[in-house]
Amino acid sequence: MLHAVIMAGGSGTRFWPQSRQVMPKQLLKLAGDQTMIQDTAGRAGWIGPERTWVVTNAVQADETRKQLGDVPPSNVLVEPCARNTAPCVGYAAAELLHADPDAVMLVMPADHVIGPPEVFQKAVEQAAAIVESDPEQLVLFGVKPNYPSVGFGYIERGEELADSEKAYKVESFREKPDLDTAQQYLDSGKFYWNCGIFVWKASRILEALKEYEPDMHERLMRVSEKIGKDDFQSTLETEYPEMNSTSIDYAVLERAKSVSVLEAPFEWDDVGSWEALTRLLGEDEAKNTIDGQFVGLETTGCTVRDTTGGHLIGTIGIEDCIIVHTPDATLVAKKGDENAIKRLISEIRDRG
Ligand code: GDD
Ligand code: MG
Numbered sequence: 002m003l004h005a006v007i008m009a010g011g012s013g014t015r016f017w018p019q020s021r022q023v024m025p026k027q028l029l030k031l032a033g034d035q036t037m038i039q040d041t042a043g044r045a046g047w048i049g050p051e052r053t054w055v056v057t058n059a060v061q062a063d064e065t066r067k068q069l070g071d072v073p074p075s076n077v078l079v080e081p082c083a084r085n086t087a088p089c090v091g092y093a094a095a096e097l098l099h100a101d102p103d104a105v106m107l108v109m110p111a112d113h114v115i116g117p118p119e120v121f122q123k124a125v126e127q128a129a130a131i132v133e134s135d136p137e138q139l140v141l142f143g144v145k146p147n148y149p150s151v152g153f154g155y156i157e158r159g160e161e162l163a164d165s166e167k168a169y170k171v172e173s174f175r176e177k178p179d180l181d182t183a184q185q186y187l188d189s190g191k192f193y194w195n196c197g198i199f200v201w202k203a204s205r206i207l208e209a210l211k212e213y214e215p216d217m218h219e220r221l222m223r224v225s226e227k228i229g230k231d232d233f234q235s236t237l238e239t240e241y242p243e244m245n246s247t248s249i250d251y252a253v254l255e256r257a258k259s260v261s262v263l264e265a266p267f268e269w270d271d272v273g274s275w276e277a278l279t280r281l282l283g284e285d286e287a288k289n290t291i292d293g294q295f296v297g298l299e300t301t302g303c304t305v306r307d308t309t310g311g312h313l314i315g316t317i318g319i320e321d322c323i324i325v326h327t328p329d330a331t332l333v334a335k336k337g338d339e340n341a342i343k344r345l346i347s348e349i350r351d352r353g
């Protein structure tokens with residue numbers, strides 16, 4: 002049976018100050034009426050709440066359960082600490098196997114914008130059919146790159162699969178290459194960006210972890226043995242922090258055989274930082290992206306947001322800036338360096 006697994010333990014620091022540790026971006030309404038995690042669960046709605054799982058951390062668990070009211074609270078798996086996506090996927094796979102030995106997982110990040118839902122569903126069903134016919138397959142979704150991003154994984158397309166449309170063997174996978182390599186990939190026309198959405202059997206991904214991350218796998222097995230027992234939590238708390246902190250992309254996808262890619266027929270965007278808001282909300286004639294009360298004179302290329310609902314923002318003579326006003330913090334930044342917010346946050350933490 003198909004299960005949906007939402008990875009939702011990232012900190013989303015690049016959306017400061019709207020996103021905080023307890024309220025990261027997947028729990029916020031960044032674009033639209035629903036929060037990103039509600040959108041993500043809704044997109045996989047046909048799978049049903051009983052077979053929807055979330056992997057998150059202790060700080061975010063309560064709010065996650067509240068926002069996903071239909072999902073059984075025990076399907077929200079709580080990591081004792083963040084160890085990146087390889088342990089997250091492994092932990093979910095162990096829980097799923099316990100519930101359903103034949104489980105197929107649709108693994109989704111909680112912070113993507115995708116549509117339309119029926120096209121997404123059809124693509125996932127196609128991926129699941131590939132896995133049903135060959136349980137060894139690890140299926141990825143690829144979108145055509147339009148700039149040499151260094152923030153994505155790249156999938157080299159190989160031969161077309163026999164019985165599936167726009168599905169290919171993966172010749173190679175490279176997670177987050179440097180700029181020169183990304184440019185070569187883009188120029189070659191043979192690469193997709195990895196959407197970060199995966200379809201595979203829970204048993205198969207655990208086998209892959211056993212092969213490539215044997216220590217992590219052993220620890221996952223120790224955790225798995227305790228599911229439903231009194232000492233589950235203490236075992237999880239002992240084993241989890243010891244697991245190698247690595248992403249599923251580096252740990253498995255760069256190394257594994259039997260990887261295939263489906264060309265994504267859906268619209269896809271990774272809402273990675275404030276600059277993505279322009280793609281979501283569009284711009285006015287002065288090329289500003291505005292969400293809130295705003296009056297700007299000689300202001301162009303700016304992203305302006307007020308989350309309080311009652312604060313007027315006025316600007317004069319500025320360009321290419323991000324201004325975000327929240328009840329207790331305001332950001333004013335020059336666009337262009339998406340990672341600078343991370344530096345700002347560590348500086349704020351250092352100063353207490
Ligand atoms: N539970 C949990 N625990 N979730 C996590 C953790 C963790 O330790 N770390 C990250 N996540 C969640 C994030 O919240 C996000 O929803 C998802 O896992 C992916 O993590 P990112 O940190 O956003 O990954 P990325 O964007 O750098 O790279 C991945 O996605 C790209 C597409 O958006 C890779 O798969 C790339 O290859 C891919 O191109
Ligand atoms: Mg991401």
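Numbering (the working numbering), first residue to last: 2 to 353. Backbone N, C-alpha and C fix where the C-beta goes; we use that ideal spot for every residue, glycine too.
query: Assign Met2 to one of two classes, buried (16 or more other C-beta atoms within 10 Å of its C-beta) or exposed (fewer than that).; result: exposed
query: Using only the heavy atoms of the ligand MG, determine whether one of them is closer than 7 Å to the beta carbon of Gly354.; result: Here the chain covers residues 2 to 353 and nothing more, so residue 354 does not appear.
query: Please classify Asp250: does DSSP put it in a helix, a strand, or coil?; result: helix
query: Confirm, please, whether the CB-CB distance from Gly297 to Cys303 is below 8 Å.; result: yes
query: Which residue from Phe199, Gly152, Ala93, Glu160 puts its Cα closest to that of Glu176?; result: Gly152
query: Just checking my contact of Leu97 with Ala104 at CB under 8 Å: how many whole Å lie between their CB atoms?; result: 4 Å
query: May I ask which residues mark the beginning and end of the alpha helix (DSSP H) holding His99?; result: 86-100
query: Identify every run of the alpha helix (DSSP H) within the region 110-193, keeping only runs that are complete inside it and at least 4 residues long; order them along the chain.; result: 118-134, 180-189
query: Of the residues Leu237, Glu299, Ala42, which one's Cα is nearest the Cα of Gly91?; result: Leu237
query: Grab the span of the beta strand (DSSP E) containing Gly297 for me, first residue to last.; result: 294-298
query: Mind the definition here: the region 130-146 touches the region 27-44 only if three or more C-beta pairs lie below 8 Å; say whether that holds.; result: no
query: Please classify His181: is it buried, with 16 or more other beta-carbons within 10 angstroms of its beta-carbon, or exposed?; result: The question names His, but residue 181 in the sequence shown is Asp. Per the 10 Å Cβ criterion, exposed.
query: Does the Cβ of Val26 have 16 or more other Cβ atoms within 10 Å, making it buried, or fewer, making it exposed?; result: Reading off the sequence, residue 26 comes out as Lys, not Val. Buried, since its Cβ has 16 or more Cβ neighbours within 10 Å.
query: Taking only runs that begin and end inside the region 214-281, name each unbroken beta strand (DSSP E) of 3 or more residues, in chain order.; result: 260-264, 268-271
query: Please state the DSSP three-state secondary structure of Ala42.; result: helix
query: Cutting at 8 Å between CB atoms, please list the residues of its own chain near Lys343, excluding the five before and the five after it.; result: Thr14, Arg15
query: Beta-carbon within less than 6 Å of Asp271's beta-carbon, same chain only, minus the 5 sequence neighbours each way: which residues are those?; result: His113
query: Closest to Val72 by C-alpha separation, out of Asp101, Thr41, Ala334, Thr290, would be which residue?; result: Thr41
query: Let me check one thing: in DSSP terms, what residues is Arg306 bridge-paired to?; result: Asp292, Val325
query: Among Ile346, Gln294, Lys288, which residue has its Cα nearest to the Cα of Ile319?; result: Lys288
query: May I have the straight-line CA-CA distance separating Glu331 from Gln19, to the nearest angstrom?; result: First, the amino acid is wrong: residue 331 is Thr here, not Glu. Straight-line Cα distance between these residues: approximately 9 Å.
query: Check for me: the alpha helix (DSSP H) holding Lys67 runs from which residue to which?; result: 59-68
query: Can you tell me the Cα-Cα spacing of Arg220 and Glu284, whole angstroms?; result: 49 Å
query: Mind checking Leu263: buried by the 16 CB within 10 Å criterion, or exposed?; result: buried
query: Would you check if the distance between the CB atom of Ile428 and the CB atom of Ala94 is smaller than 8 Å?; result: There is no way to answer for residue 428, as the model of the chain reaches only from 2 to 353.
query: Kindly examine the ligand MG and report whether one of its heavy atoms sits closer than 7 Å to the Cβ of Pro25.; result: no
query: With distances taken from CA atoms, which of Cys322, His312, Glu172 is nearest Glu299?; result: Cys322
query: Since Ala334 sits in a beta bridge, which residues does DSSP pair it with?; result: Ile323
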